[in-house]
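**Q** 244 is the number that this note's numbering gives the last residue of the sequence shown; the numbers go up by one with no jumps.
Positions of the beta carbon are idealized from the N, C-alpha and C atoms, including for glycine.
Predicted, not measured: the structure shown is a model, and the values here were computed from it.
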Amino acid sequence: MTQFRPCIDLHQGKVKQIVGGSLNDKGATENFVSQYDAEYYASLYREHNLTGGHVIALGKGNQSEVMNALRAYPNGLQYGGGVKESNAASYLEAGASHVIVTSYLFKDGEFSWDRLDKVKRETGTDNLVLDLSCRRTADGWYIATDRWQTVTSTQINKENLLELADHCDEFLIHAADVEGLQAGIDEDLVRFLSYDSPVAITYAGGARSLADLDRVKQLSNGNVDLTIGSALDIFGGQGVTLEECIAWNTSNT
């Protein structure tokens, strides 16, 4: 059944909410920069028993914040950002419940099954989340890597999702074109993801109110979870409160 999932996005060593499509080497368009650190948010999620959330490091300069968050909520947060074969196990040892992998799985824009196998040997299938964040094109959605700036040749379609599901525990899918805009979810993408997936799917991008949880539940037949970022009161938003999301989860368990 659809659930709200929390997040901690880190950029330049700070907890932020940004416009996803604006992220590049020079910076990003910021919706919110928190006065609190990652440990504060991890402890908050732990206090309220919110599970399945993720902490994402967007670029360099975030590792101390990442480690503080993982220590504050051991086995309660997934971690993504620069994860590859050589460091995947270290994040699990530091307290992450799962590691989230995207860009490492692609070489010259093409998906690498060899790299996926190498990561799996370090993490196991049960501790691996595949980030299939994507951009919309004229003929569907394609996975985007390198902070969502590089659109790969791998399409988000049922065949690919079913094949990849054999190699991970969950999918995380940001709709990069609407991420951080608070202009509404990509309903077509959520509806597409309503197929009977053998693994859990979390969608992120554009959510702006509690009604979006109801909408995702309806569109996906309860098969997709939702992350809400910029619209959430704890990130300076005015669309929905964390308290409301917690109550929604309880009522939809």
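Alpha carbon to alpha carbon, how far is Y27 from G228?
**A** What you label residue 27 is simply residue 36 of the sequence shown in a count that begins at 1. What you label residue 228 is simply residue 237 of the sequence shown in a count that begins at 1. Going from the Cα of Y27 to the Cα of G228 covers about 15 Å.
**Q** Straight-line CA distance for G67 to V215?
**A** As a working mapping, residue 67 is identified with position 76 in the sequence shown. As a working mapping, residue 215 is identified with position 224 in the sequence shown. Cα to Cα, G67 sits roughly 19 Å from V215.
**Q** Under the rule that 16 or more other beta-carbon atoms within 10 Å means buried, what is G72, buried or exposed?
**A** Here residue 72 refers to the residue found at position 81 of the sequence shown. Answer is buried; the Cβ neighbour count reaches 16.
**Q** Taking 8 Å as the threshold (C-beta atoms), are G131 and M(-8) in contact?
**A** Numbered from its first residue, the sequence shown carries residue -8 at position 1. Numbered from its first residue, the sequence shown carries residue 131 at position 140. Not closer than 8 Å, so no.
**Q** Taking the alpha-carbon of L172 as reference, which of A156, G196 and I164 has the nearest alpha-carbon?
**A** Within the sequence shown, the letter at position 181 stands for residue 172. Among A156, G196 and I164, the Cα nearest to that of L172 belongs to G196.
**Q** Is the separation between the beta-carbon of L224 and that of L217 shorter than 8 Å?
**A** Here residue 224 refers to the residue found at position 233 when the sequence shown is read from its first residue. Here residue 217 refers to the residue found at position 226 when the sequence shown is read from its first residue. The displayed chain sequence assigns Asp, not Leu, to residue 224. Not in contact: D224 and L217 (Cβ atoms no closer than 8 Å).
**Q** Among all the DSSP beta bridges, which residues are the ones paired with K7?
**A** Working through the sequence shown from its first residue, we reach residue 7 at position 16. Answer by DSSP bridge pairing, in chain order: V24.
**Q** Would the stretch 28 to 36 and the stretch 174 to 183 be scored as touching if the rule is three or more Cβ pairs under 8 Å?
**A** No: the two stretches stay apart, fewer than three of their Cβ pairs being nearer than 8 Å.
**Q** Need the endpoints of the beta strand (DSSP E) that C(-2) sits in, please.
**A** If you number the sequence shown from 1, residue -2 lands on position 7. Here the beta strand (DSSP E) through C(-2) covers C(-2) to H2.
**Q** Between which two residues does the beta strand (DSSP E) holding W132 run?
**A** Within the sequence shown, the letter at position 141 stands for residue 132. Per DSSP, W132 belongs to the beta strand (DSSP E) from G131 to T136.
**Q** Note the first and the last residue of the continuous alpha helix (DSSP H) segment covering V110.
**A** The sequence position of residue 110 within the sequence shown is 119, counting from 1. Where V110 is concerned, the enclosing alpha helix (DSSP H) stretches over W104 to T114.
**Q** With a threshold of 8 Å, are at least 3 pairs of Cβ atoms found where one atom belongs to the stretch 73 to 82 and the other to the stretch 105 to 119?
**A** Yes, the stretch 73 to 82 is in contact with the stretch 105 to 119.
**Q** My output table needs one value for S55: the three-state DSSP class, helix, strand or coil.
**A** Locating residue 55 in the sequence shown gives position 64, where the first residue counts as 1. The answer is helix: DSSP assigns S55 an H, G or I state.
**Q** Going by C-alpha to C-alpha distance, which of S81, G220, D137 and E150 sits closest to I176?
**A** Here residue 176 corresponds to residue number 185 of the sequence shown, with the count starting at 1. Among S81, G220, D137 and E150, the Cα nearest to that of I176 is on G220.
**Q** Sort out for me which residues DSSP pairs C236 with in a bridge.
**A** By 1-based counting over the sequence shown, the position of residue 236 is 245. Answer is none; C236 lacks a bridge partner.
**Q** Measuring only the C-alpha atoms, how far is L96 from L153?
**A** For the purposes of this step, residue 96 is taken as residue 105 along the sequence shown, with counting starting at 1. For the purposes of this step, residue 153 is taken as residue 162 along the sequence shown, with counting starting at 1. Using only the alpha carbons, I get a separation of about 17 Å.
**Q** Identify, in the order they occur along the chain, each residue of the same chain with its Cβ nearer than 7 Å to the Cβ of H2, setting aside the five sequence neighbours on each side.
**A** Sequence index remark: in the sequence shown, residue 2 carries index 11 (1-based). Only I9, A19, L49 and G50 meet the Cβ criterion.
**Q** Quick check on Q54: buried or exposed, where buried means 16 or more other Cβ atoms within 10 Å of its Cβ?
**A** For the purposes of this step, residue 54 is taken as residue 63 along the sequence shown, with counting starting at 1. Counting Cβ neighbours within 10 Å, Q54 comes out exposed, since fewer than 16 surround it.
**Q** Give me whichever residues DSSP pairs with Q69 in a beta bridge.
**A** Numbered from its first residue, the sequence shown carries residue 69 at position 78. Per DSSP, H45 and H89.
**Q** Grouping DSSP H, G and I as helix and E and B as strand, with all else coil, what is D203?
**A** Reading the sequence shown from its first residue, position 212 is the one you call residue 203. D203 falls in the helix class under three-state DSSP.
**Q** Closer than 7 Å by C-beta to T247: which residues in its own chain qualify, once you throw out the five before and the five after it? Chain order, please.
**A** The first residue shown for the chain is -8 and the last is 244, placing residue 247 beyond what the model contains.
**Q** What are the start and end residues of the alpha helix (DSSP H) that includes E30?
**A** Start at 1 with the first residue of the sequence shown, and residue 30 comes out as number 39. It spans A29 to E38 - the alpha helix (DSSP H) in which E30 sits, taken as one unbroken run.
**Q** Counting only beta-carbon separations shorter than 8 Å, does R62 have a partner in chain D?
**A** Given the protein chain composition of this structure (a single chain), no chain D is represented.
**Q** For C159, which residues of its own chain have a beta-carbon under 7 Å away from its beta-carbon, when the five flanking residues on both sides are left out?
**A** Here residue 159 is taken as the residue at index 168 of the sequence shown, counted from 1. Taken in chain order, the residues that qualify are T116, L119, V120, L121 and V190.
**Q** CB A198 to CB A222, shorter than 8 Å?
**A** Residue mapping note: residue 198 aligns to position 207 of the sequence shown, counting from 1. Residue mapping note: residue 222 aligns to position 231 of the sequence shown, counting from 1. Yes; because the gap between Cβ atoms is below 8 Å, this pair is in contact.
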